[in-house]
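Contents: one structure, followed by commentary.
Residue numbers (full-length UniProt numbering), protein chains in the order written: chain A, 1 to 377; chain B, 1 to 377.
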């Protein structure tokens, strides 16, 4: 099957993977590197999986330029579990934490954290309906760091670096010391833009990401944590989710999701082959510009996000007439443009164009959108 | 590659999978059923994964004859996470729970539970060294239910149905009402013998199992829970791990480990093709008898477990002279008999002979053991 024979998959996650990664996984399924075993069949304490896991960690460290005083953990439960596990791990000493709200995911994080400490909103670019945290509000920008109200005793300040649903992205993370919160650390939910661009890991205390957008399959969560933050978990934190235990045992405190780590490792090697994050960022800029430039020219489709904060990963857009949605989607599917339906809380469409989506796929989408506009405009 | 060309893999977990399952997974890697997507690339909310997940649940229900008043959940974190999540979910009303100790895993469960409630030991067949819960004690039988000291106000009584390290198995679970604990439910860690024999699900309130022994790859945890127990989680229980949330959303409260569920589903279909659990049990009896019968005849190797409680899944044995261990292991590897080294806390050897290990593999092991005895006896 050639690259062109596969449809273009715009799923927000789990999402498209590099075809070469899938081909290698298929070829190695029954026998990894002459071991006679599938990766799924290996003891997590054996030398074969030990090599797979340590190479994955080393490659991730190299890609993100992770400093030595940070641990890299492969965990489980995704971002929704991490919404609880971050406060459980960090609020053992001070129980105060501040949250920056920029969309559905950061709202969800803040709500979950409330049960573990004294949580405040440091800044918000939208209105949260308490009756339904999931209901979409027009989150069209991210709060400028100068406006954040960070408490001096906050253990951490949380942000979501890319809001998958609203399509809003932080282009940079602030230096908390400059905000007068030198004892706090930044915690970042980077689930949907990790590895899509270089990131300054040293600005954060914890970065976490469900792998299923840019880093691999669902079932493994990347956690990058500064080592001096380890060892202060709340008493109720399950042993398996205490970052200190996981760090001490090299992600093998309990049986890790071995096959998901293996696939993530193949994705990391693919990223290195592409030229690393600097090159990937260039491609992601070009891909997202192709789509946003077209959206800027047409009144037929609309994206509400302020130009400075548009996500390079997730591009939500609506048709000027929602009555056309079903026809747009069925026509897209017929052309091999898959999973474009927007999140239920937003409606409309969403094109997720993660690392593994080549520019040819974005071009095919824009071509279809133009044609649909011509025939229905 | 024929079945004979693959080595025999005795790993305790993650462990051998049916070859036909691996072949199907390889063949479908780039395109599941004409969808144009790998299962790893599918949205967990799309119709394709919806079908995969609901078929896996239906097949598991059929295999284990799960009553309708039980929810079947696909979760994450394995048994070590479940050691915390079970008390967090069940001790919201009464905070008392009693534990039956029969080896390393039940000891670990009891220790973890202490942070969530008033935990007592109902019965024990060994001695726990508090200084090192991992140090092996001669757990060679399981406590008879008539000896259990169950408190009348206990929310649940916990047991581990098969101790992977000690090689000790419960052949049956008691009826708690007959023990005078009619308000308590049984919770069972069935990680290493689920699906190896029929089980009376209705005798338990919660059954959990990491999939990586008999049910699939690491990264997915099976949880079977009686529905009336849902909705009483402790306040500190993370939303993602509240059984009520997971049940309500059909295992999609957060992004589930989609690929691991898919592989587990293929294993369930393979089990049905083999004739279900009654047939699998027959094979497991024959396989384990082949090994135990030989162990009973020889003084060269030794298994310390009482004959009534020997595990059909995990057969630990020691050589009469531990100085021969290294040579035994290297000779085994040279013959394609892999991962026989015993758990570090026990030493010696361990042959894990899960469902996917055919009797030919056990025969090959016994043949090698006999030859080694002849040449080194």
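For each residue, glycine too, the CB sits at the ideal point set by N, CA and C.
For residue j and residue i, believed in contact at Cβ under 8 Å, the rounded distance
{"i": "residue 122 of chain A", "j": "residue 150 of chain A", "result": "5 Å"}
{"i": "residue 73 of chain B", "j": "residue 225 of chain B", "result": "7 Å"}
{"i": "residue 378 of chain B", "j": "residue 140 of chain B", "result": "Because chain B spans 1 through 377 in this model, residue 378 of chain B falls outside it and cannot be assessed."}
{"i": "residue 218 of chain A", "j": "residue 291 of chain A", "result": "Contact doesn't hold; Cβ gap of about 25 Å is too wide."}
{"i": "residue 26 of chain B", "j": "residue 26 of chain A", "result": "5 Å"}
Residue i vs residue j beta-carbon contact at 8 Å
{"i": "residue 274 of chain A", "j": "residue 11 of chain A", "result": "no"}
{"i": "residue 210 of chain B", "j": "residue 260 of chain B", "result": "no"}
{"i": "residue 37 of chain A", "j": "residue 263 of chain B", "result": "no"}
{"i": "residue 254 of chain B", "j": "residue 77 of chain A", "result": "yes"}
{"i": "residue 113 of chain A", "j": "residue 265 of chain A", "result": "no"}
{"i": "residue 256 of chain B", "j": "residue 44 of chain B", "result": "yes"}
{"i": "residue 234 of chain B", "j": "residue 85 of chain B", "result": "no"}
{"i": "residue 7 of chain B", "j": "residue 356 of chain B", "result": "no"}
{"i": "residue 42 of chain A", "j": "residue 14 of chain B", "result": "yes"}
{"i": "residue 190 of chain B", "j": "residue 147 of chain B", "result": "no"}
{"i": "residue 115 of chain B", "j": "residue 236 of chain A", "result": "yes"}
Cα-Cα separation between residue i and residue j, rounded to whole angstroms
{"i": "residue 285 of chain A", "j": "residue 80 of chain A", "result": "28 Å"}
{"i": "residue 382 of chain B", "j": "residue 108 of chain A", "result": "Because chain B here runs from 1 to 377, residue 382 of chain B falls outside it and cannot be looked at."}
{"i": "residue 293 of chain A", "j": "residue 341 of chain A", "result": "21 Å"}
{"i": "residue 283 of chain B", "j": "residue 244 of chain B", "result": "37 Å"}
{"i": "residue 258 of chain B", "j": "residue 298 of chain B", "result": "46 Å"}
{"i": "residue 373 of chain B", "j": "residue 322 of chain B", "result": "13 Å"}
{"i": "residue 214 of chain A", "j": "residue 94 of chain A", "result": "33 Å"}
{"i": "residue 345 of chain B", "j": "residue 105 of chain B", "result": "12 Å"}
{"i": "residue 289 of chain B", "j": "residue 269 of chain A", "result": "46 Å"}
{"i": "residue 366 of chain B", "j": "residue 319 of chain B", "result": "14 Å"}
{"i": "residue 317 of chain A", "j": "residue 335 of chain A", "result": "19 Å"}
{"i": "residue 46 of chain B", "j": "residue 364 of chain A", "result": "22 Å"}
{"i": "residue 295 of chain B", "j": "residue 232 of chain A", "result": "48 Å"}
{"i": "residue 5 of chain A", "j": "residue 16 of chain A", "result": "14 Å"}
{"i": "residue 272 of chain A", "j": "residue 267 of chain B", "result": "35 Å"}
{"i": "residue 377 of chain A", "j": "residue 347 of chain A", "result": "20 Å"}
{"i": "residue 135 of chain A", "j": "residue 125 of chain A", "result": "With a pLDDT of only 49 at residue 135 of chain A, under the threshold of 50, the placement of this residue in the model should not be trusted; the figure read from the coordinates follows. Straight-line Cα distance between these residues: approximately 15 Å."}
{"i": "residue 200 of chain B", "j": "residue 75 of chain B", "result": "22 Å"}
Residue closest to residue i, alpha-carbon to alpha-carbon, out of the options
{"i": "residue 89 of chain B", "options": "B:185, B:55, B:213, B:29", "result": "B:185"}
{"i": "residue 395 of chain A", "options": "A:42, A:221, A:218, A:249", "result": "Any question about residue 395 of chain A goes unanswered here, given that chain A covers just 1 to 377."}
{"i": "residue 102 of chain A", "options": "A:188, A:377, A:269", "result": "A:188"}
{"i": "residue 278 of chain A", "options": "A:139, A:202, A:83, A:196", "result": "A:196"}
{"i": "residue 349 of chain B", "options": "B:355, B:330, B:363, B:356", "result": "B:330"}
{"i": "residue 97 of chain A", "options": "A:31, A:157, A:268", "result": "A:157"}
{"i": "residue 327 of chain B", "options": "B:368, B:364, B:29", "result": "B:368"}
{"i": "residue 111 of chain A", "options": "B:246, B:267, B:239, B:271", "result": "B:239"}
{"i": "residue 378 of chain A", "options": "A:32, A:70, A:34", "result": "No information on residue 378 of chain A is available, as it lies outside the stretch 1 to 377 that chain A covers here."}
{"i": "residue 308 of chain A", "options": "A:280, A:169, A:30", "result": "A:169"}
{"i": "residue 182 of chain B", "options": "B:115, B:99, B:138, B:155", "result": "B:155"}
Environment of residue i [buried if 16+ CB atoms lie within 10 Å]
{"i": "residue 51 of chain A", "result": "exposed"}
{"i": "residue 59 of chain B", "result": "buried"}
{"i": "residue 375 of chain B", "result": "exposed"}
{"i": "residue 332 of chain B", "result": "buried"}
{"i": "residue 343 of chain A", "result": "buried"}
{"i": "residue 163 of chain B", "result": "buried"}
{"i": "residue 312 of chain B", "result": "buried"}
{"i": "residue 127 of chain B", "result": "exposed"}
{"i": "residue 48 of chain B", "result": "buried"}
{"i": "residue 221 of chain A", "result": "buried"}
{"i": "residue 83 of chain B", "result": "buried"}
{"i": "residue 180 of chain B", "result": "exposed"}
{"i": "residue 371 of chain B", "result": "exposed"}
{"i": "residue 67 of chain A", "result": "exposed"}
{"i": "residue 303 of chain B", "result": "buried"}
{"i": "residue 9 of chain A", "result": "buried"}
{"i": "residue 153 of chain A", "result": "exposed"}
{"i": "residue 242 of chain B", "result": "buried"}
{"i": "residue 360 of chain A", "result": "exposed"}
{"i": "residue 403 of chain B", "result": "Given a span of 1 to 377 for chain B in the structure shown, any question on residue 403 of chain B remains unanswerable."}
{"i": "residue 117 of chain B", "result": "buried"}
{"i": "residue 145 of chain B", "result": "buried"}
{"i": "residue 310 of chain B", "result": "buried"}
{"i": "residue 192 of chain A", "result": "buried"}
Contacts that residue i makes with chain D (C-beta to C-beta distance below 8 Å)
{"i": "residue 81 of chain B", "result": "The structure shown contains no chain D; the protein chains it does contain are A and B."}
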